[in-house]
Amino acid sequence: MKKTLPFLLLFCLQSIVAQKYITRSGISTFKASVTAFEPIEAINKSSSAVINNKGDIAALLLIKGFHFNVALMQEHFNENYMKSDQFSTATFKGKLIGFSFEKLSTTKKYTLNGILTIKGIAKKIITEAVISMRNEKLNFRTTFSVTPQDFEIKIPTIVRKKIANDIIISVNYELAKK
Amino acid sequence: MNLQKSKALFIFLFLSVVIGFTSYSYIYKPHKNIESAKVDYHGASKDFLKKVKENAIIWPDKTIVLTGVICEVDNNGIILDNTIYCQFKNPENANLSNQTQITIKGNMIGYDDLLEEVKLNQCIILK
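From first to last, the protein sequence lines stand for chains A and B.
Residue numbers for the first sequence follow our numbering, beginning at 1 and rising by one.
Residue numbers for the second sequence follow our numbering, beginning at 179 and rising by one.
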């Protein structure tokens, strides 16, 4: 008994520490479409994210993982707007205020606070996130908007009217227990 | 006079069609086709991670053929040797199981330093 107790404690401790949910195939989309022009939107189906018991959240997107319907648009996005050879990732680090795994049984809204880094430039994001639990999987959804100027993305005047100034980013991740 | 006019009209129409077609095929050019793309790297998945860590910048958008052992299967793809996450072009992994060897061809999209993995998409199974 004396020997098993420390082991048991260690085991319990580990299960607390190791409680986190991860995904490597999260879906992130953005829309910068202006009505009457060709839609400008892309989807990334390989976003990575980790959420732990304290509500800390970290996400990483590979810019080259964005898919556009028009291949030329994808090429311009990577080469001219995002400079993805130099800045290959976009990251988000933040916190879900008041989050804990115990509350997971119901769908709940949380305030999400964090830093979004694109092209090496950081921007503070405050938004609302919806979290629910379905079939042992944690579903994380949020939407917020940014502008091209936030990340020093220059848009040539010739296409200026075709790209919306508010770019809407939506995220829908299904995270599994790790 | 009349003949000259119709000749000019014909040349004008011909040029418009050519220019129209060229610009259309430039603007709506197809996406990279993984089946026919030239292979840029061929090897074992374990060696590839080392290569990527040496110089991560040169690899994105390259076409990679990798052989490795499946260690995890999910709805979208597989993980090879705990290091490479491969997402399938057409999810066809229903009959794949862990601990089997596989060779895939895919498009490298980058190194994920959050999960410390290399990511490939549009993967197809070769063997």
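Every residue, glycine too, gets a C-beta built ideally from N, C-alpha and C.
Beta-carbon of residue i versus every beta-carbon of chain A: anything under 8 Å?
i, result
"P208 (chain B)", "yes"
"N233 (chain B)", "no"
"D259 (chain B)", "no"
"Q265 (chain B)", "yes"
"K229 (chain B)", "no"
"L292 (chain B)", "yes"
Take the Cβ of residue i as the centre, count every other Cβ of all protein chains shown within 10 Å, and call the residue buried at 16 or more, exposed below.
i, result
"F140 (chain A)", "buried"
"T23 (chain A)", "buried"
"N268 (chain B)", "exposed"
"A186 (chain B)", "exposed"
"L304 (chain B)", "exposed"
"S214 (chain B)", "exposed"
"L181 (chain B)", "exposed"
"M1 (chain A)", "Because M1 (chain A) sits at a pLDDT of 49, beneath the cut-off of 50, its placement in the model cannot be relied upon, and the following sentence gives the value as read from the coordinates. The residue in question, M1 (chain A), is exposed, as its Cβ has fewer than 16 Cβ neighbours within 10 Å."
"V196 (chain B)", "exposed"
"G255 (chain B)", "buried"
"N44 (chain A)", "buried"
Would you please state the rounded distance, in angstroms, between the beta carbons of residue i and residue j? I believe it to be under 8 Å.
i, j, result
"I131 (chain A)", "S145 (chain A)", "Actually they are not in contact, since the Cβ atoms of I131 (chain A) and S145 (chain A) sit about 20 Å apart, beyond 8 Å."
"V243 (chain B)", "V296 (chain B)", "Not really, about 14 Å apart at Cβ, beyond 8 Å."
"I115 (chain A)", "G94 (chain A)", "7 Å"
"V34 (chain A)", "K162 (chain A)", "6 Å"
"I287 (chain B)", "G65 (chain A)", "4 Å"
"D290 (chain B)", "L60 (chain A)", "6 Å"
"E41 (chain A)", "K31 (chain A)", "4 Å"
"D252 (chain B)", "S223 (chain B)", "With 8 Å as the limit, D252 (chain B) and S223 (chain B) do not qualify as a contact, their Cβ atoms being about 17 Å apart."
"G284 (chain B)", "L293 (chain B)", "With 8 Å as the limit, G284 (chain B) and L293 (chain B) do not qualify as a contact, their Cβ atoms being about 17 Å apart."
"L104 (chain A)", "A129 (chain A)", "Not a contact, Cβ separation roughly 13 Å."
"Q300 (chain B)", "T245 (chain B)", "Their Cβ separation, rounded to whole angstroms, is 18 Å, which puts Q300 (chain B) and T245 (chain B) out of contact at 8 Å."
"I57 (chain A)", "M82 (chain A)", "The Cβ separation is near 23 Å, so there is no contact."
Let's see if you can read the secondary structure: which residues bound the beta strand (DSSP E) around residue i?
i, result
"M317 (chain B)", "Missing from the structure shown is residue 317 (chain B); chain B here goes from 179 to 305 and no further."
"D56 (chain A)", "56 to 62"
"V334 (chain B)", "The question about residue 334 (chain B) has no answer, for chain B in this structure spans 179 to 305."
"Y173 (chain A)", "167 to 177"
"I297 (chain B)", "Going by the sequence as given, residue 297 (chain B) is Lys instead of Ile. Counting along the chain, the beta strand (DSSP E) containing K297 (chain B) begins and ends at 295 to 303."
"V50 (chain A)", "41 to 52"
"V34 (chain A)", "Careful: V34 (chain A) lies outside any beta strand (DSSP E) and carries neither H nor E."
"E128 (chain A)", "121 to 134"
"L258 (chain B)", "255 to 258"
For residue i, decide whether its Cβ has a neighbour in chain B, counting only Cβ atoms nearer than 8 Å.
i, result
"V146 (chain A)", "no"
"K162 (chain A)", "no"
"T117 (chain A)", "no"
"L112 (chain A)", "no"
"K108 (chain A)", "no"
"R24 (chain A)", "yes"
"M1 (chain A)", "Unreliable placement is indicated for M1 (chain A), whose pLDDT of 49 sits below 50; no coordinate value is reported for it."
"D56 (chain A)", "no"
"L62 (chain A)", "yes"
"P156 (chain A)", "no"
"D150 (chain A)", "no"
"K94 (chain A)", "This sequence places Gly at residue 94 (chain A); Lys is not what is there. Answer no: the Cβ-Cβ gap between G94 (chain A) and chain B never drops below 8 Å."
Tell me whether residue i sits in a helix, a strand or coil according to DSSP, three-state version.
i, result
"H76 (chain A)", "helix"
"F266 (chain B)", "strand"
"K185 (chain B)", "helix"
"F87 (chain A)", "coil"
"L191 (chain B)", "helix"
"A71 (chain A)", "helix"
"Y110 (chain A)", "strand"
"S275 (chain B)", "coil"
"V196 (chain B)", "helix"
"Y219 (chain B)", "strand"
"F140 (chain A)", "strand"
"I158 (chain A)", "helix"
"Y21 (chain A)", "strand"
"K93 (chain A)", "strand"
"S100 (chain A)", "coil"
Is the closest heavy atom of the ligand SAH to the C-beta of residue i under 7 Å?
i, result
"K210 (chain B)", "Of the ligands one can find in the structure shown there are none, so the ligand SAH has no counterpart to examine."
Could you tell me the boundaries of the alpha helix (DSSP H) in which residue i lies?
i, result
"E232 (chain B)", "223 to 232"
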